[in-house]
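Since the structure comes first, as structure tokens, the remarks are kept for the end.
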Amino acid sequence: MRIHCKVVVIAVCLGVFLLLYFLGGNAADDPPLKEVAEDYYFPTSSGLGNIVASKLTKKPLDELHILQKQPLTDRKEAKVVSRGGNAIAKRQRSDMGLGRLSSKRARAEEVMHLAVVTCGNRLDETLTMVKSALLFSIKRIKFHIFAEDPLASQFEKKLSQWARAISNKFQYSIYPITFSVGNAEEWKKLFKPCAAQRLFLPVILKDVDSLLYVDTDVLFLRPMDDMWSFLKAFNTTQLAAMAPEHEIPKIGWYSRFARHPFYGVTGVNSGVMLMNLTRIRRTLFKNSMIPSGLSWEDLLHPLYQKYKNHITWGDQDLLNIIFHYNPESLYIFPCQWNYRPDHCMYGSNCKGAEQEGVSILHGNRGVYHDDKQPAFKVVYDAIHEYPFEDNMFQSLFYPLQTKFLDTVNTLCGRIPQVFLKQVEKTMRTVYEKKVVRHVKPPPK
């Protein structure tokens, strides 16, 4: 009898335990976060000798990117190759979940347009610019690459290889060098080979509403999305945005040497140019030739013919002349969005970069490929050598920070945070989207 009672008691206890387990033990729907065993160290630009460490845990992926491949077109003027991830379908747990999916899908389908013109030996430099844009940007990018025929196949080969790793982040089109008005050979040799092509972008890219043009020697140190947002800052008359050529008139080139009209006090630099192409195509531009105004396409050739013996910097000078007569059409963004050696080689004169760091680095004067400005070259080399699949901190930021120590005795490298602040901030943002900090509760 005693043994029988003991068996009954044990069975009852076991039943109560199982009941409590099923009622309370499986209450959580989502799997717990798994703690990462190793520590990640992230050195800051403001103190190169200090190391900040924090334990991180992996964040479950809950975003769905539904992207469609764009079909090849048979347009004669361009080869279009689009890359996109395969559609992924998941069942949602509630109507609210479906709403979140729809909003994320809408954001994923937003596309920014970026144009670059490349000729001669600028293949690697252009690919490094493209890589820098892809590393940090959030929305997808459509690249419009204008290149000489010998370079077109090389671009297609390289970009197709990249597409396998980051296929959901970009599309691209490759166009031949073409000029719709005037003598093509004359335009092609204006200033640098093919540089004048940028003047014809509103005419060629008729289906594109807005566009960011950059020179091949430009590097993005923060998301292109942030530059793209300047489009929303345009007023009703503004249709393009550029940075000043210089911050100090008495040492600026245009204010001292120009033999033609230019914008404002110091002129503007066209190496980074944001454009609302729709507005440009619809506008009649005031000029010194006829009182009624001319469309963009009709203005270019007569303007060049009038000033060709007075311009030094080619297409940039023509843009300065256009906006001299149409200042209400231009939006000016700060110097940190087009930071050049001129901002530091004569002493630091870009206050925005000192406060916020460089957003877009413009290595004109060939400084990425010689030792005249090591600070610029270090940034270029770090991005050029970085493989997409590697850890961004370990293979990009840490080598960049370490090599930058060798430049602190140079004019442009003496303030490291000017070059590193936005890179550090951007990498933190990118990385924190993939992981979450694991904070232990305080001891009771």
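Quick note, the sequence shown lines up with residues -28 to -1, 1 to 416 if you use mature numbering (1 follows the signal peptide of the UniProt record, and there is no 0).
Each residue gets a CB set at the ideal place from its N, CA and C atoms; glycine is no exception.
Which partner residues does residue i have in the DSSP bridge list?
i, result
"residue 304", "214"
"residue 114", "85 and 143"
"residue 246", "184 and 213"
"residue 192", "332"
"residue 119", "90"
"residue 311", "333"
Where does residue i sit, in a helix, a strand or coil, going by DSSP?
i, result
"residue 382", "coil"
"residue 180", "coil"
"residue 87", "strand"
"residue 403", "helix"
"residue 14", "Because residue 14 carries a pLDDT of 47, less than 50, the predicted location of this residue cannot be relied on, and the following value inherits that uncertainty. Strand, per DSSP."
"residue 266", "strand"
"residue 336", "helix"
"residue 102", "helix"
"residue 261", "coil"
"residue 206", "coil"
"residue 352", "helix"
"residue 319", "strand"
"residue 155", "coil"
"residue 168", "helix"
"residue 124", "helix"
"residue 297", "helix"
"residue 237", "coil"
"residue 358", "coil"
"residue 37", "Because the pLDDT of residue 37 is 34, which lies under 50, any placement of that residue in the model is unreliable, and the number read from its coordinates should be weighed accordingly. Three-state result, residue 37: coil."
"residue 227", "helix"
Please report the Cβ distance between residue i and residue j, rounded to the nearest whole angstrom; I am assuming they are in contact, meaning their Cβ atoms lie under 8 Å.
i, j, result
"residue 172", "residue 151", "6 Å"
"residue 84", "residue 197", "7 Å"
"residue 110", "residue 144", "Incorrect: roughly 18 Å between the Cβ atoms, too far for contact."
"residue 168", "residue 177", "With 8 Å as the limit, residue 168 and residue 177 do not qualify as a contact, their Cβ atoms being about 16 Å apart."
"residue 187", "residue 249", "That belief does not hold up - the Cβ atoms of residue 187 and residue 249 are roughly 18 Å apart, past 8 Å."
"residue 265", "residue 256", "3 Å"
"residue 391", "residue 347", "6 Å"
"residue 296", "residue 234", "6 Å"
"residue 105", "residue 192", "5 Å"
"residue 394", "residue 330", "6 Å"
Which residues in the same chain have their Cβ closer than 8 Å to the Cβ of residue i, if we skip the five residues on either side of it in sequence?
i, result
"residue 241", "214, 215, 216, 217, 288, 310, 312 and 334"
"residue 317", "345, 383 and 384"
"residue 252", "174, 211, 212 and 268"
"residue 9", "Residue confidence is low: residue 9 scores 33 on pLDDT, short of 50, so the model does not pin down where it sits. No coordinate-derived value is stated."
"residue 336", "187, 189, 243, 312 and 313"
Going by CA-CA distance only, name the one from the options that's closest to residue i.
i, options, result
"residue 194", "351, 388 and 107", "107"
"residue 398", "237, 328 and 296", "328"
"residue 128", "146, 276, 339 and 361", "146"
"residue 115", "90, 121 and 361", "90"
"residue 400", "379, 381, 368 and 384", "368"
"residue 379", "350, 253 and 259", "350"
"residue 417", "201, 113 and 252", "In the structure as shown, the chain begins at -28 and stops at 416. Residue 417 is therefore absent and cannot be evaluated."
"residue 87", "332, 101 and 203", "101"
"residue 149", "104, 134, 191 and 92", "92"
"residue 352", "362, 179, 232 and 332", "332"
"residue 281", "253, 341, 232 and 121", "232"
"residue 204", "247, 166 and 185", "247"
"residue 244", "343, 330 and 185", "185"
"residue 120", "94, 319 and 393", "94"
"residue 189", "404, 238, 389 and 356", "356"
"residue 239", "258, 254, 293 and 263", "293"
Residues in its own chain within less than 7 Å of residue i by CB, not counting five upstream and five downstream?
i, result
"residue 307", "215, 216, 219, 315, 322, 324 and 325"
"residue 99", "130"
"residue 75", "Bear in mind that the predicted position of residue 75 carries a pLDDT of just 48, short of 50, making it unreliable; the figure below should be weighed with that in mind. Result list for residue 75: empty, nothing under 7 Å."
"residue 155", "none"
"residue 274", "261"
Which same chain residues end up closer than 6 Å to residue i when comparing Cβ atoms and leaving out the 5 residues on each side of it in sequence?
i, result
"residue 175", "152 and 269"
"residue 300", "209"
"residue 124", "146"
"residue 303", "206, 210 and 213"
"residue 291", "242"
"residue 370", "none"
"residue 372", "354"
"residue 183", "85, 87, 247 and 249"
Taking 7 Å as the cut-off, is the C-beta of residue i nearer than that to any heavy atom in the ligand SAH?
i, result
"residue 130", "Judged by which ligands are present, the structure shown has none, so any question about the ligand SAH falls away."
Against chain D, does residue i count as a neighbour if the rule is that its beta carbon must be under 8 Å from one of theirs?
i, result
"residue 179", "Here chain D cannot be found, since the structure has a single protein chain."
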